[in-house]
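Read the structure below first, then the notes.
Protein chains: 4
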Amino acid sequence: MTTTEAAGPPVTDTTAAADGPVTEQDQGHEQGHHGYHKQKDEHLKRLRRIEGQIRGLQRMVDEDVYCIDILTQVSASTKALQSFALQLLEEHLRHCVADAAVKGGSEIDAKVEEATKAIARLLRT
Amino acid sequence: MTTTEAAGPPVTDTTAAADGPVTEQDQGHEQGHHGYHKQKDEHLKRLRRIEGQIRGLQRMVDEDVYCIDILTQVSASTKALQSFALQLLEEHLRHCVADAAVKGGSEIDAKVEEATKAIARLLRT
Amino acid sequence: MTTTEAAGPPVTDTTAAADGPVTEQDQGHEQGHHGYHKQKDEHLKRLRRIEGQIRGLQRMVDEDVYCIDILTQVSASTKALQSFALQLLEEHLRHCVADAAVKGGSEIDAKVEEATKAIARLLRT
Amino acid sequence: MTTTEAAGPPVTDTTAAADGPVTEQDQGHEQGHHGYHKQKDEHLKRLRRIEGQIRGLQRMVDEDVYCIDILTQVSASTKALQSFALQLLEEHLRHCVADAAVKGGSEIDAKVEEATKAIARLLRT
Numbered sequence: 663m664t665t666t667e668a669a670g671p672p673v674t675d676t677t678a679a680a681d682g683p684v685t686e687q688d689q690g691h692e693q694g695h696h697g698y699h700k701q702k703d704e705h706l707k708r709l710r711r712i713e714g715q716i717r718g719l720q721r722m723v724d725e726d727v728y729c730i731d732i733l734t735q736v737s738a739s740t741k742a743l744q745s746f747a748l749q750l751l752e753e754h755l756r757h758c759v760a761d762a763a764v765k766g767g768s769e770i771d772a773k774v775e776e777a778t779k780a781i782a783r784l785l786r787t
Numbered sequence: 663m664t665t666t667e668a669a670g671p672p673v674t675d676t677t678a679a680a681d682g683p684v685t686e687q688d689q690g691h692e693q694g695h696h697g698y699h700k701q702k703d704e705h706l707k708r709l710r711r712i713e714g715q716i717r718g719l720q721r722m723v724d725e726d727v728y729c730i731d732i733l734t735q736v737s738a739s740t741k742a743l744q745s746f747a748l749q750l751l752e753e754h755l756r757h758c759v760a761d762a763a764v765k766g767g768s769e770i771d772a773k774v775e776e777a778t779k780a781i782a783r784l785l786r787t
Numbered sequence: 663m664t665t666t667e668a669a670g671p672p673v674t675d676t677t678a679a680a681d682g683p684v685t686e687q688d689q690g691h692e693q694g695h696h697g698y699h700k701q702k703d704e705h706l707k708r709l710r711r712i713e714g715q716i717r718g719l720q721r722m723v724d725e726d727v728y729c730i731d732i733l734t735q736v737s738a739s740t741k742a743l744q745s746f747a748l749q750l751l752e753e754h755l756r757h758c759v760a761d762a763a764v765k766g767g768s769e770i771d772a773k774v775e776e777a778t779k780a781i782a783r784l785l786r787t
Numbered sequence: 663m664t665t666t667e668a669a670g671p672p673v674t675d676t677t678a679a680a681d682g683p684v685t686e687q688d689q690g691h692e693q694g695h696h697g698y699h700k701q702k703d704e705h706l707k708r709l710r711r712i713e714g715q716i717r718g719l720q721r722m723v724d725e726d727v728y729c730i731d732i733l734t735q736v737s738a739s740t741k742a743l744q745s746f747a748l749q750l751l752e753e754h755l756r757h758c759v760a761d762a763a764v765k766g767g768s769e770i771d772a773k774v775e776e777a778t779k780a781i782a783r784l785l786r787t
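Order-wise, the sequence lines are chains V, G, A and F.
Quick note: the first sequence uses the numbering used here, first residue 663, plus one each step.
Quick note: the second sequence uses the numbering used here, first residue 663, plus one each step.
Quick note: the third sequence uses the numbering used here, first residue 663, plus one each step.
Quick note: the fourth sequence uses the numbering used here, first residue 663, plus one each step.
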């Protein structure tokens, strides 16, 4: 969790492990993978479900379903996208942002600013 | 405005027009089609583009793209869904809600309440 | 509908009514009042409550309350503002937009476009 | 910085500082103040401006201003509240969350979960 958080790829993880107890955070970052790496399958499953919802919307439009029912389905899809974003964001804060804090220096400011801008974009849509 | 309403089942349009004075609102609603009927192709094109964005998100997750870049793409997809919803809503107000107002009676209250609830659902996501 | 319009300052109402033929729309709009006119007291009460919430936020900041608790209160105030907006919008659709539909002509298009843009602004914040 | 997070003021800070090297994050937290402490005046100014907007809304309702113009002002106030929330959140991430990361242990998970829930509440309004 200390200095070896070398964002780059070829890392001999075992040495890092030797530095001390391996926290959950470390494991997420092996080989330069981002925070969401371990939840990859879950994310893909979520996104495939959203893709199905969007195809459902096409069917609804095609079959002249009542406007309000289509709007309800749009709200559900938007909500699903927001949930996905929130989960991704949580992992990002737990891994990338926390890592930057541990490293010290000015990187934490850049990371926090970047995350806040991403949250602002989510809020403004 | 009439002839291109062909997407639905076979209809003898001209007879419908003979029933009485055709108001602007009636034309949008012939054959029980909803407000968005005429923009159907445009809506389907929009939704296919959004479907493509969701598949793009799956690729990004699969290729371990940086979290923040994925969040940016989620914001774009949410925005596209909201735009679609707004266009649908505009057509719904112009046709279904306006029709109810013209017809008179209490239907307008029900329609306006229904539309407001749909807008609330969009806002709360 | 007329006599209870008393919430405002003293007005010589009767003269305004004498200006010309009173249509259905005019009645909703007597003396140029908008759809929300009758709920005025309720609206003012809501807004005063929101003003109280904003002053509560100032107290919280002043007393160094924990950030997350302040954010919770911001969410509550935003929600209250959105509720107020939705109620105003519902009355606007029921009165101003429905009136335009009944009048016929092209005004309904302008009114619906205007309302949709207002909804878009609410969604984008 | 440890057990003395006593929201109140009179704290003997120097002992806390003696616990270890003071990082950038610590400085934001002296005397148990939260991340937003240094921007307090700016926050209060923002909130007073929002309070003024809410009072402006009351005036608009009282003077029977056109519904759509009131909705525009509601959108502006909501946007101002969201901006305030985002700034507070940025400071919270930079200080409280980053501090928890530096401290190590499981606190970071709790802090990140708490922040994510606050963001979810902002998104859902």
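Glycine residues also receive a C-beta, built at the ideal position from the N, C-alpha and C atoms.
Check                                                                                                                                                                             : Outcome
With contact counted as at least three CB pairs below 8 Å, one residue from each stretch, are the stretch 705 to 719 of chain G and the stretch 707 to 714 of chain V in contact? : yes
So, do the stretch 719 to 733 of chain A and the stretch 751 to 759 of chain A have three or more beta carbon pairs nearer to each other than 8 Å?                                : no
Could you tell me which chain A residues have their CB closer than 7 Å to the CB of F:K702, listed as they occur along the chain?                                                 : V723
Within 10 Å of its beta-carbon, does F:K773 have 16 or more other beta-carbons around it, so buried, or fewer, so exposed?                                                        : buried
Applying the criterion that 16 or more other CB atoms from any shown protein chain within 10 Å of the CB defines a buried residue, is F:S768 buried or exposed?                   : exposed
Please report the straight-line C-alpha distance between G:P683 and G:A760, rounded to a whole angstrom.                                                                          : Because G:P683 carries a pLDDT of 39, less than 50, the predicted location of this residue cannot be relied on, and the following value inherits that uncertainty. Rounded to the nearest angstrom, the two C-alpha atoms are 16 Å apart.
Distance check for F:I770 and G:D724, CA to CA, integer angstroms please.                                                                                                         : 27 Å
Can you pull the chain V residues whose beta carbon is under 7 Å from the beta carbon of F:A763, in chain order?                                                                  : A760, A763, V764
Tell me the rounded alpha-carbon separation between G:C758 and G:K741.                                                                                                            : 25 Å
Check G:E775 in the structure and name its three-state DSSP category.                                                                                                             : helix
For chain A, is any of its Cβ atoms less than 8 Å away from the one on G:E752?                                                                                                    : yes
Is it buried or exposed for G:G690, if we count other Cβ within 10 angstroms and need 16 for buried?                                                                              : Low local confidence applies: a pLDDT of 39 at G:G690 is under 50, so the model's placement there is unreliable, and no value is given.
Go ahead and label G:R721 buried or exposed: buried means 16 or more other beta carbons lie within 10 angstroms of its beta carbon, across all protein chains shown.              : exposed
For F:E775, return the contacting residues in chain V, with the cut-off set at a CB-CB distance below 9 Å.                                                                        : E752, R756
Classify A:S805 as helix, strand or coil using the three-state DSSP reduction.                                                                                                    : Examination of residue 805 of chain A is not possible in this model, given that chain A is present from 663 through 787 alone.
Would V:F746 and V:R783 qualify as a contact pair, given that the criterion is a beta-carbon distance under 8 Å?                                                                  : no
Step through the CB atoms of chain V and report whether any lies within less than 8 Å of the CB of G:Q720.                                                                        : yes
Taking only three categories from DSSP, how would you classify F:E725?                                                                                                            : coil
Would you kindly check if the distance between the Cβ of G:L743 and the Cβ of A:T778 is under 8 Å?                                                                                : no
Please report how far the alpha carbon of F:E775 lies from the alpha carbon of A:Q701, in whole angstroms.                                                                        : 41 Å
So is G:H691 in contact with chain A if we call contact Cβ pairs under 8 Å?                                                                                                       : Per-residue confidence for G:H691 stands at a pLDDT of 42, beneath the threshold of 50, marking its modelled position as unreliable; the derived number appears in the next sentence. Judged by the 8 Å Cβ criterion, G:H691 is not in contact with chain A.
Measure the C-alpha to C-alpha separation of A:R756 and A:A762 and round it to an integer number of angstroms.                                                                    : 10 Å
Under 8 Å between C-beta atoms, does V:A782 make it to chain B?                                                                                                                   : Of the protein chains in this structure, namely V, G, A and F, none is chain B.
Would you decide whether V:Q687 is buried or exposed? Buried here means 16 or more other CB atoms lie within 10 Å of its CB.                                                      : Residue placement at V:Q687 is flagged as unreliable, the pLDDT there being 40, under the threshold of 50; the coordinate-derived value follows with that caveat. Buried, since its Cβ has 16 or more Cβ neighbours within 10 Å.
So, under 8 Å CB-CB, G:V764 and A:V764 are touching, yes? Tell me the CB distance rounded to an integer number of Å.                                                              : 6 Å
Would a check of beta-carbon distances place G:L748 closer than 8 Å to chain A?                                                                                                   : yes
CB-CB under 7 Å to V:A738, same chain, minus the five flanking residues each way: which ones, in chain order?                                                                     : Q715
Measuring alpha carbon to alpha carbon, tell me which residue in A:I732, A:H705, A:D703 is nearest F:H705.                                                                        : A:I732
Who are the Cβ neighbours of A:R786 in its own chain at under 8 Å, not counting the five residues just before and after it?                                                       : none
In angstroms with no decimal places, state the Cα-to-Cα distance between V:T685 and A:T734.                                                                                       : Residue confidence for V:T685 is low, a pLDDT of 40 falling below 50, so the modelled location carries little weight; the figure read from the coordinates is stated next. Roughly 30 Å separates the two Cα atoms.
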